[in-house]
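A short worksheet on the structure shown next.
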Amino acid sequence: MSCNKCMYIKPGLGPVPKYIHECNRLHELKRVLATFLVGGEEIKIEWVEEYNELLKKMEEIEVLEAHEKKPEASLPGLLLLASAVVGQEEEIAVLEKTVKEQDSLLKHQAVELDDASQDLSALREIYRWRKQSEEHAPANERVLIYDAYRKHFTVDVCTYLDTVNYVFWRPLDLPEEE
22 MSCNKCMYIK PGLGPVPKYI HECNRLHELK RVLATFLVGG EEIKIEWVEE
72 YNELLKKMEE IEVLEAHEKK PEASLPGLLL LASAVVGQEE EIAVLEKTVK
122 EQDSLLKHQA VELDDASQDL SALREIYRWR KQSEEHAPAN ERVLIYDAYR
172 KHFTVDVCTY LDTVNYVFWR PLDLPEEE
């Protein structure tokens with residue numbers, strides 16, 4: 022434990038006035054205790070107790086000084102900037118998650134749209150109709166349409182004696198006959 026305030030140490034171990042820094046007293050006690058230990062002389066218990074108390078107090082002071090020297094204490098703007106960066110990182114993470122979810126939904130919708138488009142083109146090909154003025158259907162041509170499709174594609178329904186509905190059909194998206 023070094024202290025830049027401890028350059029001056031008073032000689033002797035007499036009563037120290039209160040205005041002398043505690044760190045000086047700690048260094049002086051340390052020097053005297055070491056001298057007495059080497060010389061084999063008797064050490065007063067009060068000196069050891071005072072040394073331990075000063076040592077604890079100096080350690081507490083060093084811990085407090087270390088906390089005071091943290092960058093956020095010396096530069097409050099840096100703490101504000103760091104908290105803003107952390108907040109933006111959290112916001113970026115949430116936005117990235119949202120973008121991934123939206124991408125997956127968009128891909129799913131694109132697949133559904135492709136499937137629907139293929140189904141529609143297949144239906145148009147199956148149920149294609151040509152105007153009678155361009156090309157007449159062969160004589161006696163009738164097409165059986167399922168009931169589910171009848172309401173979408175029928176033009177004329179005829180019931181014959183065999184109770185089967187024979188239908189002339191065309192898709193409704195084409196213009197009406199003139």
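In my numbering, each residue's number is its place in the sequence shown (first place is 1) plus 21. For glycine and all other residues, C-beta sits at the position ideal for the given N, C-alpha and C.
Span separating the alpha-carbon of Q139 from that of K128: Distance between the alpha carbons of Q139 and K128: 16 angstroms.
* Cβ-Cβ distance between W68 and L47 below 8 angstroms -> Against a cut-off of 8 angstroms, the Cβ pair of L47 and W68 comes out as no contact.
- Query: What's the C-alpha gap between V132 and S142?
  - Reply: Cα-Cα distance, rounded: 15 angstroms.
* **Environment of G108 [buried if 16+ CB atoms lie within 10 Å]** => Exposed, by the Cβ-count rule.
Coil, strand or helix - E122 by DSSP
DSSP places E122 in helix when its eight states are reduced to three.
### Message
Whole angstroms are fine: how far does the CA of D124 sit from the CA of L134?
### Response
Rounded to the nearest angstrom, the gap between the Cα atoms of L134 and D124 is 15 angstroms.
| task | In angstroms with no decimal places, state the Cα-to-Cα distance between F57 and E81. | result | F57 and E81 have their C-alpha atoms some 27 angstroms from each other.
task = Would you tell me roughly how many angstroms separate the C-alpha atoms of A137 and R145, rounded to the nearest one?
result = The straight-line gap from Cα to Cα measures roughly 12 angstroms.
Original post:
Per DSSP, what kind of secondary structure is K65 in: helix, strand or coil?
Top reply: Coil.
Worksheet entry | Residue environment, E49, which counts as buried when at least 16 other CB atoms sit within 10 Å | So E49 counts as buried.
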